[in-house]
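J.: For reference, the structure I am asking about is given below.
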Amino acid sequence: MPTQLVSDASPDTFPDNPVGRVIATEYGPSDKVFRGVITGGAMMSLVILALIAGFLLFRGLEIFRDFGFGFITSVRWDAGDGIDKATASFGIGAMLVGSVVTAVIALLIATPFAMGTALFLEFYCPSWLRIFLTSVLDLVAAIPSVIYGVWGYAIFMQYGTSWGRAINEHLGWFPLFHVPSPNFGRSPFIAGMVLALMIVPITTSVARAVYSQAPRDQIDAVYALGGSRWSGIRHIVLPFGRSGLIGGAMLGLGRALGETVAVYLVLNLVFRINFQILASVGGNVASLIANRFGEAGEYELKALMAAGLVLFLVTLLVNFAATAIVGRTRGTES
Amino acid sequence: MITMLTNNTSAVETTPQQASPASEVEQTSAMETRGIHAWFGKNHVLRNVSLQFPSNSVTGLIGPSGCGKSTFLRLLNRMHEFIPTAAMAGEVFLDGQDIYRPGAAAAELRLRVGMVFQKPNPFPSMTIQQNVLAGPTLSKTKVANKKDLVEDCLTRAGLWKEVKDRLDAYGSSLSGGQQQRLCIARALAVRPDVLLMDEPCSALDPGSTLRIEETIHELSESMTIVIVTHNMQQAARVSDYCAFFLSEDGPGHLVEADLTKVIFSNPSDQRTADYVQGRFG
C-alpha cells in the first residue's frame, strides 16, 4: 500500500502554466464509413437545395436583368406578342401580396384551432382517444393538396361563398370586407379557409411537441396550490410554449405561401393588388406558375422561373425563422 | 387519544402508555387512510396501507427506493391522479370525510393539503412576493393584506430575513435552499392544515437541510406534516412518528408505524430494525 499520495515532483516536471493539449480522437474504420454515409446524406439535401436555387437563378437571370426590382413590385403580367421581348412586361407584386394575404388568412384561422387541438391532445384527451386522433391528424397531413383543392372547389365553395356574402352584409363597412361587386366566389377568403385546413396538422404537431415539454414540476406546483388544469395551462404551458407556437404557425405559413394546386382551383387569378378578401380577386405566386406554365413562351417561361426563385427564397426564409424560433423554445427548457 | 398509527392493532405491540407522550393525550388525527392501494396501469405499487396522521405532529415516511412512499404521499392530496394510468382503491379521510368521495373538489382539497416537492420549483417568471401569493392568486382567494401574508409566510418558512429587502427579485435568483423555503412559504400562503413534503432536502446542501428541518419543527406546532425522506438521520431528527414501507419485489406496503423513538430504538419488526440501522436499502 502506497504511503505517499501526492507525487512530490519539482515545478520543472509539472509546470503551473502548462500548454493545453490537443485532444485527438481516432475513429475506427466502421465509424469512418458510417460517418461518411451520414455526412453525405446530410450534405446532399444542402446540395440539392443549392442546385434548385442555382437552376432557377440561371433560368431567370435575364428577367432580373431586364426588369430589376420592378419584377417584385410591378403588378403587370403581360407576355406581349410572344415574339418581341419589348412588348412583354412581367411583375409579381400582385401575386406576392396575394400569397401573403391568403397565407395570413389561413394562419389566423388555423392557429387557434391548432392550439386548441394540441392542448386537448396533451392535457385533456383520454389516452385511447389520443392515439386515434394523432393518427387521424397524421393522415390529414398526408392528404395530397389537390384533394383539398377539389374539395374546396366542388363542395366548400358554395358555403364559403355564402359565408363571404353574410360577412359582407354585416361587416361590409370594414375595408377588408368591402367588395366592388357582389361576387363572392373564388375569393382569398375561400382560398385562406382551404389553406387553413391544410396547415392545421403541421401547426398542431409542432404545438404539441412544444407543449409536451412544458416543465412538469411547475405544472405540479400549480395543481398543488389548488389551481385548476386551466390555470396550469394558462400560467405555465402557454407562456412556455408561446415562441414554439409562433414557430409552428410559421412552418404552416411556409406551407401556405408555397401552396399551388389547392389555391389554383379555388382562387380567381387577377393581376391586381387586392386587400378586399371577400372579393373574387386574388392569386399567389405558385398558382401563377401553375396557371401560366403550359402556354408560356420562352421569355415568359424565364419570368416564371424568376417568380419561382422569389417564392423559393421567401419560403426558405420563413422556414428558417420558424425552425430557429421552435429551436429556441426547446433550448430554454430546463 | 391516538396511541397507534396503524389501524391494524394486532401488528403493533406497543402499549398505549408507551406510545403516547403526556403532551399529546388529547391529540386527534388530522388525516387517516384506510386500505389504500395504488396502481400504475397493471402494476400494483401500493398494497393496503392504513395509517393515521396525528394533528400537529410530523410523520416521516421511510423505506428504500421504489417502496411506494412518494406514491402514497401523492394520494393524500390527489396528485396521484395526474399521472396517466394511475388508479387507486381505499379511502383517505380528512376531517372525517373521504377526499375521494364522489363530488369532492380536488382543487379545494389541495388548498387544505399543501405540498412541497423534491426539487425546488418556484415559478421562474414570478418575483419572490408573487411566488408566495401564487396560491391565493391561482385559487382566486381574496387576500385582505398581501404584505402581511407575504411577511407571515416567509417568516414561518424561515426566509423573511434573507429576502425582505428584495421581494421583487425573481425567485430563480435565490440559492437552492432558499428556493425550497420559498416553496414552503408559497405552500403556507393558502393556510393548509396538512403539509406534505416529498424528500424536500434531497437536492440541498447540509446547511440548507438544517434550516428546513428547523422550519419543519416550528411549523409542526400549528400544522400536520407528512414527510418522505431517504435520510434516516433526518427522519430521526424531524419526525414524531415514523412509518416504514417496504416493497420486497411486490407492491409496497406498510411494515410498521410508531413513535419515531420506538422505530429507531425498539422496532417490533426485524426488517425495520435492519433498515434503520443501515443494513439494507
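These protein sequence lines are chains W and A, in that order. Quick note, the first sequence lines up with residues 1 to 334 if you use this note's numbering. Quick note, the second sequence lines up with residues 335 to 615 if you use this note's numbering. Idealized CB from N, CA, C, for every residue including glycine.
(1) Less than 7 Å between CB atoms is the rule here; does Leu225 (chain W) satisfy it with respect to chain A?
(2) I need the DSSP call for Val383 (chain A), collapsed to helix, strand or coil.
(3) So is Arg444 (chain A) in contact with chain W if we call contact Cβ pairs under 7 Å?
(4) So if DSSP puts Ile246 (chain W) in a beta bridge, which residue, or which two residues, is it bridged to?
(5) Can you tell me whether Gly297 (chain W) is helix, strand or coil according to DSSP?
(6) Quick test of your reading: Val450 (chain A) and Cys517 (chain A), contact by CB under 8 Å. State the CB separation rounded to the nearest angstrom.
(7) List, in order along the chain, the chain W residues whose C-beta lies closer than 9 Å to that of Leu453 (chain A)?
(8) Do you know whose CA, among A:Trp373, A:Pro398, A:Arg500, lies nearest Glu533 (chain A)'s CA?
(9) Verify the CB distance criterion: does Ala214 (chain W) have a CB-CB separation below 7 Å to chain A?
(10) With Ala519 (chain A) and Leu488 (chain A) assumed to form a contact (beta carbons below 8 Å), what rounded beta-carbon distance in angstroms separates them?
(11) Apart from the five residues on each side of it in sequence, which residues of its chain come closer than 8 Å, Cβ to Cβ, to Ser506 (chain A)?
(12) Can you give the Cα-Cα distance for Phe174 (chain W) and Gly437 (chain A), rounded to whole angstroms?
(13) Per DSSP, Gln431 (chain A) is paired with what?
(14) What is the DSSP secondary structure of Phe189 (chain W), reduced to helix, strand or coil?
(15) From the DSSP output, in three-state form, read off Val150 (chain W) for me.
(16) Does any residue of chain B bring its CB to less than 7 Å from the CB of Ala468 (chain A)?
(17) Would you say Ala221 (chain W) faces chain A, with C-beta separation under 7 Å as the test?
(18) Over what stretch of residues does the alpha helix (DSSP H) that includes Arg65 (chain W) continue unbroken?
(19) Output, in sequence order along the chain, the residues in the stretch 121-132 of chain W whose CB is closer than 7 Å to any CB in chain A.
(20) Considering only the alpha carbon of each residue, which of A:Asp539, A:Thr367, A:Phe387 lies closest to Leu380 (chain A)?
(21) If we require 4 or more residues per run, which alpha helix (DSSP H) segments fall completely within the stretch 455-541 of chain A?
(22) Can you check which of these residues, A:Thr549, A:Glu582, A:Pro470, A:Val572, is closest to Glu442 (chain A) by C-alpha distance?
(23) Under three-state DSSP, which class holds Ser145 (chain W)?
(24) Mapping the DSSP letters down to three states, classify Val179 (chain W) as helix, strand or coil.
(25) What are the partner residues of Cys576 (chain A), as DSSP defines its beta bridges?
(26) For Trp230 (chain W), count neighbouring Cβ atoms within 10 angstroms of its own Cβ and tell me buried if that reaches 16, exposed if not.
(27) Along chain A, in chain order, which residues have C-beta atoms closer than 8 Å to that of Ser231 (chain W)?
(28) What residue does the alpha helix (DSSP H) around Met157 (chain W) start on, and which one ends it?
(29) Mind checking whether Thr111 (chain W) and Ala324 (chain W) have CB atoms under 7 Å apart?
(30) Relative to chain W, which residues along the stretch 522-534 of chain A have a C-beta separation below 7 Å, given in chain order?
(31) Beta-carbon within less than 7 Å of Leu197 (chain W)'s beta-carbon, same chain only, minus the 5 sequence neighbours each way: which residues are those?
(32) Assess, as a yes-or-no matter, whether the stretch 167-186 of chain W is touched by the stretch 124-136 of chain W under the definition of 3 or more beta carbon pairs within less than 8 Å.
(33) Buried or exposed: where does Arg545 (chain A) fall if 16 or more other Cβ atoms within 10 Å of its Cβ makes it buried?
(34) Counting only beta-carbon separations shorter than 7 Å, does Met557 (chain A) have a partner in chain W?
(35) At a Cβ cut of 7 Å, what residues of the stretch 7-36 of chain W count as close to chain A, listed as they run along the chain?
(36) Ala441 (chain A) CB to nearest chain W CB: under 7 Å?
T.: Quick look at the numbers:
(1) So yes, Leu225 (chain W) belongs to the interface.
(2) strand
(3) At a cut-off of 7 Å between beta carbons, Arg444 (chain A) contacts chain W.
(4) In DSSP, Ile246 (chain W) forms no bridge with anything.
(5) coil
(6) The C-beta distance from Val450 (chain A) to Cys517 (chain A) rounds to 5 Å, short enough to meet the 8 Å contact threshold.
(7) It should be noted that the sequence gives Lys, not Leu, for residue 453 (chain A). Those within 9 Å of Lys453 (chain A) in chain W are Asp217.
(8) It is A:Pro398.
(9) no
(10) 5 Å
(11) Pro456, Pro458, Gln513
(12) 49 Å
(13) A:Leu428
(14) helix
(15) helix
(16) Annotation note: the requested chain B is absent from the structure, which comprises protein chains W and A.
(17) yes
(18) 29-67
(19) Ser127
(20) Restricting attention to A:Asp539, A:Thr367, A:Phe387, the CA atom closest to the CA of Leu380 (chain A) is found in A:Thr367.
(21) Listed in chain order, the complete alpha helix (DSSP H) runs (minimum 4 residues) inside the stretch 455-541 of chain A are 462-466, 468-472, 480-490, 494-497, 510-522.
(22) A:Pro470
(23) helix
(24) coil
(25) A:Gly394, A:Asp592
(26) Classification of Trp230 (chain W): exposed, given that the 10 Å Cβ count is below 16.
(27) Leu472
(28) 157-171
(29) Contact flag unset, no.
(30) Val524
(31) Tyr148
(32) Too few Cβ pairs lie closer than 8 Å, so no.
(33) Classification for Arg545 (chain A): buried.
(34) no
(35) none
(36) yes
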